[in-house]
Amino acid sequence: MKQVFKRPESLRDVSFHFCPGCHHGIIHRLVAEAIDRLRIRTKTIGIASVGCSVFLYDYFDTDVCEAPHGRAPAVATGVKRVHKDRIVFAFQGDGDLAAIGTSEIIHAANRGENITVIFVNNTVYGMTGGQMAPTTMLGQHTTTTPRGRSFLGDGYPLKVSELLATLEGCSFVARVAVNNPANVRRARKMILKAFEMQVNNMGFSFVEVLSACPTNWKMTPLDALKRVDNELIPYFPLKVFREKTIPDKL
Amino acid sequence: MNDSRKRLINGNQAIAAAAIDAGCRYYFSYPITPQSEIPEYLSLHLPEVGGTFLQAESEIASINMVLGASAAGARAMTSSSGPGISLKQEGLSYMAADELPALIVNISRTGPGLGGIAASQGDYFQATKGGGHGDYRIIVLAPSSVQEMYDLTIKGFDLADTYRTPVMILADSVLGQMKESVVMGGRKKSTPTKKDWALTGCEGRSPSIIKSLYLDGDKSSEHNRKLFEKYQRIQKNEVICELNRCKDADLILIAFGSAARIAKTSIETAREKGIKVGMLRPITLFPFPNQQVRDISTNIKDILVVEQNTGQMVEDVLISASENARVTFYGKPSGNVLEAEEILCQIERCMNKVGT
Ligand SMILES: Cc1ncc(C[n+]2csc(CCOP(=O)(O)OP(=O)(O)O)c2C)c(N)n1
Ligand code: SF4
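Protein sequence lines, in the order shown, are assigned to chains A and B. Heads up: the first sequence at position 40 corresponds to 39 in numbering that gives the first Met the number 0, and the numbers run straight through without jumps. Heads up: the second sequence at position 317 corresponds to 316 in numbering that gives the first Met the number 0, and the numbers run straight through without jumps.
Shown next as structure tokens:
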């Protein structure tokens, strides 16, 4: 019988701890597929951030270093400066990257560090129990915006991809979603492209993935999929914001 | 090869030159006075030896770059002063937990707050008692001459590798800015140890992980016990302190770093006056020379502790000193530098009390 589906080699044979309907697992898989595809598993060093994806090292069959909250791009910089011929990626949530780690991500991108960052935007702090994140939508109820996020006092949801796309150091900036098969296929392509950029020494590459957190959204997994379409994508459009071509390298 | 050379340089430059001689090729920092000669020297000379100098966006970023470079198996270093060292504490705590070696230089300044750039020993507690969150220690070396700024930097890298721990050089602007002639190179080469734990990509081996999260109670206890046992080994094996003119002394002055340097002059003057005073100078602040202080205070009861702060190391002296010792503290709040005459006055006051 022909095998049509199997676990990527870059993932370990263990089950994810993520909640039912969580998109972290899908995103892990897409990253692992890109690593397999480029045959770089034994050259790859992952940087885990603080959040629901902290257990990156339990799932990826690659070297992994844990970073303090928000500091993954700085840790990745240190690793990559030592091992220029290795592939270094950071995997960060939106609290981690867009709040406490804003400085580290902007400057790593601006320096054009030749690393890849996968940014999981689920509009909440998942691990700590669903508090407001910088990406929380206006009106969204979280455990720290019980009356809904208001721009008065809480500000607007931060569009990180749009911000980073203004920086010359970025080789690739895209936003994707994984809430239906078509979006997953597109996300797979974009994540692969981001890693290809690094393999080709093109500088900083970045993929933002809109991700469901049914637990903290207090929704069923199916309703969470719909929310990505109905509420998130209109505000956070799926787009390639910046893409250098090989001749741009110089 | 004999690459021994003698140079007239300041303490900050001696640290920077030593880092290169120790094989450190990765330096990450954020500007702050009074340590500027370190990044200035390394931005010029590290690229000459194929090294990386990176001026980071903050001290938080720079210590985390050090964390990454160290995790990747390289000798890495950062330097800063008071407010910047405070920002590095998060990374230091992680590196202690991750068992990552690195050298951190604190050319401290007066504090709290923004303080000033004058000499200060006000960061003793922060350096020796953990500094960041959690139950950990780092090795702290306290040079008191430009030559020692050089020598202890090299030793610091070796200790960091041996024990897989961050090591701090704690000095101040007196030592950082002072120029003296220094013999560099020539001595036994510092040898980075083989780091089979480093992250290099898992070619030909199973993946390595560097982490500090242990949610399981047993695993967390086991990890913290392992760290604790390491600190005990460090305390047993790595204490360095200098005893100077102690044999016939009636009074022992205890001071470290710049205060010890200034007190040396006071002791010479006192000796000329016939006052028998000697000095115990801790060179490692962690591990603190508890036993040496205990031993000496068993024989010589009068102890004078001098610090450029309002009383920090004196607490370690009090814990260590024998029950019958009489410990006097003289502290000068940071701002104006300690003067040899005022220390001499304190020596004389202590001696007048002796036997009363
Ligand atoms: C310095 C620091 N502050 C706060 C925390 C607590 N904390 C752990 S995870 C987290 C937020 C994670 O949210 P996010 O980055 O959005 O990732 P998610 O869990 O949603 O995937 C916070 C605030 C911490 N570990 N360290
Ligand atoms: S809390 Fe949210 S982000 Fe975290 S595992 Fe559960 S669903 Fe996923």
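No residue lacks a Cβ here, since even glycine has one placed at the ideal position from N, Cα and C. Note that the structure is a prediction, hence the values are computed from the model and not measured.
Step through the CB atoms of chain B and report whether any lies within less than 9 Å of the CB of Leu10/A.
Locating residue 10/A in the first sequence gives position 11, where the first residue counts as 1. No, its Cβ sits nowhere closer than 9 Å to a Cβ of chain B.
Worksheet item: In three-state terms, what does DSSP make of His16/A?
Response: For the purposes of this step, residue 16/A is taken as residue 17 along the first sequence, with counting starting at 1. DSSP places His16/A in coil when its eight states are reduced to three.
| message | What would DSSP say about Leu249/A, mapped onto helix, strand or coil? | response | As a working note, residue 249/A is residue 250 in the first sequence. Legend: pLDDT at Leu249/A = 48, less than 50; position of this residue unreliable, value from coordinates given subsequently. In the structure shown, Leu249/A sits in coil (DSSP, three-state: anything other than H, G, I, E or B).
| For Phe17/A, is the beta carbon positioned less than 8 Å from some heavy atom of ligand 2? | Translated into positions along the first sequence, residue 17/A becomes position 18. Yes, the Cβ of Phe17/A comes within 8 Å of a heavy atom of ligand 2.
Counting beta carbon pairs with one atom in the region 116-132 of chain B and one in the region 95-108 of chain B, are three or more of them shorter than 8 Å?
They touch, by the three-pair rule.
Closest Cα partner of Ile62/B within the set Asp62/A, Met196/A, Ala75/A and Val63/A: Stepping through the second sequence from its first residue, residue 62/B is reached at position 63. Nearest C-alpha to Ile62/B among Asp62/A, Met196/A, Ala75/A and Val63/A: Ala75/A.
### Query
CA-CA distance, Ser321/B and Asp294/B?
The residue labelled residue 321/B in the question sits at position 322 within the second sequence. The residue labelled residue 294/B in the question sits at position 295 within the second sequence. Approximately 8 Å between the Cα atoms of the pair.
Around ligand 1, what residues have a beta-carbon under 7 Å from a heavy atom of it, in chain order?
Of all residues, those with a beta-carbon under 7 Å from at least one heavy atom of ligand 1 are His23/A, Ser48/A, Val49/A, Gly50/A, Cys51/A, Ser52/A, Pro67/A, His68/A, Gln91/A, Gly92/A, Asp93/A, Gly94/A, Asp95/A, Leu96/A, Ile99/A, Val119/A, Asn121/A, Val123/A, Tyr124/A, Gly125/A, Met126/A, Thr127/A, Ala132/A, Cys212/A and Glu89/B, reported in chain order.
| From Leu162/A to Cys201/B, what does the alpha carbon distance come to, in whole angstroms? | Indexing the first sequence from 1 puts residue 162/A at position 163. Indexing the second sequence from 1 puts residue 201/B at position 202. So the alpha carbons of these two residues sit roughly 35 Å apart.
- Per DSSP, cross-strand counterpart(s) of Pro179/A: Translated into positions along the first sequence, residue 179/A becomes position 180. Note on identity: in this sequence residue 179/A is Asn, with Pro being the wrong assignment. Partner residues in a beta bridge of Asn179/A, as assigned by DSSP, do not exist.
Shorter than 9 Å from the beta carbon of Tyr56/A to some beta carbon of chain E? Given the protein chain composition of this structure (A and B), no chain E is represented.
Taking Arg270/B as part of the beta strand (DSSP E), name the residues at either end of that continuous run. Taking the first residue of the second sequence as position 1, residue 270/B is located at position 271. Going by DSSP, Arg270/B is part of no beta strand (DSSP E) but of the alpha helix (DSSP H) stretching over Gly256 to Glu271.
Contact check, Met350/B vs Leu250/B, beta carbons under 9 Å:
As a first step, residue 350/B must be located in the second sequence, where it is residue number 351. As a first step, residue 250/B must be located in the second sequence, where it is residue number 251. Yes, these two residues count as a Cβ contact at 9 Å.
Among Arg24/B, Gly50/B, Gly90/B and Glu39/B, which has the Cα closest to the Cα of Lys210/B? Numbered from 1 along the second sequence, position 211 holds the residue referred to as residue 210/B. Its Cα nearest to that of Lys210/B, the residue Gly90/B stands out among Arg24/B, Gly50/B, Gly90/B and Glu39/B.
Sequence-distant residues of the same chain with beta carbon closer than 7 Å to Gly83/B, five excluded per side = To locate residue 83/B, count along the second sequence from 1; it is residue 84. Only Tyr29, Ile31 and Glu58 meet the Cβ criterion.
Quiz item: Does the distance from the CB of Val326/B to the CB of Gln291/B come in under 9 Å?
Solution: Counted from its first residue, the second sequence places residue 326/B at position 327. Counted from its first residue, the second sequence places residue 291/B at position 292. Result no, Cβ atoms of Val326/B and Gln291/B do not sit closer than 9 Å.
Exercise. Listing by chain order, which chain A residues have their CB less than 9 Å from the CB of Phe27/B?
Worked result: On the second sequence, position 28 is the one that residue 27/B refers to. Within 9 Å Cβ-Cβ: Ala73, Thr76, Gly77 and Arg80.
Is the Cβ-Cβ distance between Leu209/A and Ile232/A less than 9 Å?
The sequence position of residue 209/A within the first sequence is 210, counting from 1. The sequence position of residue 232/A within the first sequence is 233, counting from 1. By the CB criterion at 9 Å, Leu209/A and Ile232/A fall inside the cutoff.
Given a cut-off of 9 Å on the beta-carbon distance, is the pair Ile307/A and Ile26/A in contact?
An answer regarding residue 307/A cannot be provided, because it is not within the stretch 0 to 249 covered by chain A.
**Request:** With DSSP as the reference, label Asp153/A as helix, strand or coil.
**Result:** In the first sequence, the residue the question calls residue 153/A occupies position 154. Three-state result, Asp153/A: helix.
At a CB-CB cut-off below 7 Å, which residues of chain A make contact with Cys201/B?
Residue numbering aside, residue 201/B sits at position 202 when the second sequence is read from its first letter. Under the 7 Å cutoff, chain A gives Thr41, Thr61 and Asp62.
Next item on the list: Return the CA-CA distance between Ser265/B and Gly277/B, expressed in angstroms with no decimal places.
Entry: Walking along the second sequence from the start, residue 265/B turns up at place 266. Walking along the second sequence from the start, residue 277/B turns up at place 278. Near 10 Å, if we compare the C-alpha coordinates of Gly277/B and Ser265/B.
Candidates Tyr93/B, Ala73/B and Leu102/B, of which the one nearest Gly131/B by Cα
For the purposes of this step, residue 131/B is taken as the residue at position 132 of the second sequence. Cα-wise, what sits closest to Gly131/B is Tyr93/B.
### Task
Would you grab the beta carbon distance between Asn323/B and Lys352/B for me? Rounded to a whole angstrom, and I think it's under 8 Å.
As a working mapping, residue 323/B is identified with position 324 in the second sequence. As a working mapping, residue 352/B is identified with position 353 in the second sequence. Not confirmed; about 15 Å, so no contact.
In three-state DSSP terms, what is Met350/B? Reading the second sequence from its first residue, position 351 is the one you call residue 350/B. Met350/B falls in the helix class under three-state DSSP.
So, Phe194/A versus Ile34/A, is the Cβ gap smaller than 9 Å?
Residue 194/A sits at position 195 when you count from the first residue of the first sequence. Residue 34/A sits at position 35 when you count from the first residue of the first sequence. Going by C-beta atoms, Phe194/A is nearer than 9 Å to Ile34/A.
Less than 9 Å between CB atoms is the rule here; does Arg85/A satisfy it with respect to chain B? As a first step, residue 85/A is located in the first sequence; it is residue number 86 there, counting from the start. In terms of beta-carbon proximity, Arg85/A lines the interface with chain B, with at least one pair separated by less than 9 Å.
Checklist line | Under the three-state DSSP convention, the category Leu113/B falls into | finding: Translated into positions along the second sequence, residue 113/B becomes position 114. Leu113/B falls in the coil class under three-state DSSP.
Short of 6 Å in beta carbon distance, which residues of its chain neighbour Leu337/B, apart from the five on each side in sequence? Order them along the chain. The sequence position of residue 337/B within the second sequence is 338, counting from 1. Excluding positions up to five away in sequence, the list reads Ala258, Ile261, Gln307 and Lys331.
Next on the checklist: Cutting at 6 Å between CB atoms, please list the residues of its own chain near Asp60/A, excluding the five before and the five after it.
Outcome noted: Within the first sequence, residue 60/A is the residue found at index 61, counting from 1. Closer than 6 Å at Cβ, skipping near neighbours: Ser9 and Arg11.
Please indicate yes or no: does the CB of Asn178/A lie closer than 8 Å to some heavy atom of ligand 2? Start at 1 with the first residue of the first sequence, and residue 178/A comes out as number 179. Relative to ligand 2, Asn178/A has its C-beta separated by 8 Å or more from all heavy atoms.
*asked:* With three or more C-beta pairs closer than 8 Å as the rule, is the region 237-244 of chain A touching the region 35-42 of chain B?
replied: The region 35-42 of chain B is not in contact with the region 237-244 of chain A.
Open item on the list: If we define contact as Cβ-Cβ less than 9 Å, is Val53/A a contact residue for chain B?
Closed with: Taking the first sequence and counting its residues from 1, the one referred to as residue 53/A is at position 54. At a cut-off of 9 Å, the C-beta of Val53/A has a neighbouring C-beta in chain B.
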